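There are 2 protein chains.
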Amino acid sequence: MAHQTVRYAPGLPDDSRAAVAEPTPSCPVEITLAALRGRWTTLVVRELLKGEHTFTQLAQALPALSDKVLTDRLAQLADSGVLVRDRRPGWPPRTSYRLTPRGHRLGPVLQALWDWGAAGGDTDWGAAENDSGRGAAEDDSG
Amino acid sequence: MAHQTVRYAPGLPDDSRAAVAEPTPSCPVEITLAALRGRWTTLVVRELLKGEHTFTQLAQALPALSDKVLTDRLAQLADSGVLVRDRRPGWPPRTSYRLTPRGHRLGPVLQALWDWGAAGGDTDWGAAENDSGRGAAEDDSG
DNA sequence: CAGCATCCATTCAGATACTG
DNA sequence: CAGTATCTGAATGGATGCTG
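Written as structure tokens, this is what we have:
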């Protein structure tokens, strides 16, 4: 397989932001990682991918998650434009959370993360000296 | 393998590991995030996607990265099966690092992270109430 | 050259207690 | 019900000094 000649990295856009010499918040990769950063974050997103949830429903779906961290994650994800809060008036208070379109687009991202992580158990990666065989991760899932 | 029916969330496999109630190391998503965890990690991978590098070359490409953290990242990535160390005998010592096939497969993952993060600046995500578009961003311009 | 050992500042997660 | 405030322990990142 012929390696690229003038290209930088396969799979990476030819964008000036791809050439940063240190972690900067304006890098798209950093933006996404910042949105997903921290424990529990992806699980909260996964729950929301199933549909709208209230605070309590999320807490029930993830029993080991403290309300403080849940609050943190929800704020973080709202701040990243992943979800929106829908606070309804009256008593008792009921707030539901749902993904934005942008939040839904996290689906493919999580899928990519899943695929890479799932491929490790099956394929060899201990005796990997040669990188010429560039097999795509052909998991049928999804 | 025929598990096409996605009952839970769009984009997530119908795997028992997709139903975990707390962050567990065996979850594929966690595996990938663990491999990419920490500051500088994706930048080190990006450098290596360009080709083989020595320790010093990596340090030069990322000047603000301390050797301690670089060592940490390299160990972490080697542990995740992303790269291999090629230590050559003689003096001065020269160690080069290169991606494994598995490491190269991180390209699409980084691409997915990039795409999502890059889409934020352009599209609306403030007034997002309704989800309709589920377009995969496959801009592979680089 | 390519690291490892040690110390220190900052961040993070979880627990507990309290409120509109 | 849906949070906020405060505290503690653990993990992380970075600086400095030393070695095969």
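The listed protein sequences derive, respectively, from chains W and F. Quick note on numbering: the UniProt record's numbering labels position 97 of the first sequence as 97, and the sequence is numbered without any gaps. Quick note on numbering: the UniProt record's numbering labels position 52 of the second sequence as 52, and the sequence is numbered without any gaps. Backbone N, C-alpha and C fix where the C-beta goes; we use that ideal spot for every residue, glycine too. The structure presented is a predicted model; accordingly, all values stated were derived computationally and were not measured.
Check	Outcome
Strictly below 7 Å CB to CB, what residues from chain F border W/T32?	L113, W116 and G117
With a floor of 3 residues, list each beta strand (DSSP E) that falls wholly inside the UniProt domain "HTH hxlR-type" (27-125) of chain W, ordered by position along the chain.	83-88 and 94-99
Should F/E30 go down as buried or exposed, given a rule of 16 or more other Cβ atoms within 10 Å for buried?	buried
Which term fits F/R85, buried or exposed, when burial requires 16 or more other beta carbons within 10 angstroms of its beta carbon?	exposed
Would you decide whether F/S66 is buried or exposed? Buried here means 16 or more other CB atoms lie within 10 Å of its CB.	exposed
Judging by CA-CA distance, which residue of W/G107, W/G81, W/R37 and W/R46 is the nearest neighbour of F/A21?	W/R46
Using a Cβ-Cβ cut-off of 8 Å, state whether F/T42 counts as contacting chain W.	yes
Which word fits F/A19, buried or exposed, when buried means at least 16 other C-beta atoms lie within 10 angstroms of its C-beta?	exposed
Please go through the same chain and pick out, in chain order, the residues whose beta-carbon is closer than 6 Å to the beta-carbon of F/G103, but skip the five residues on each side of it.	V82 and L83
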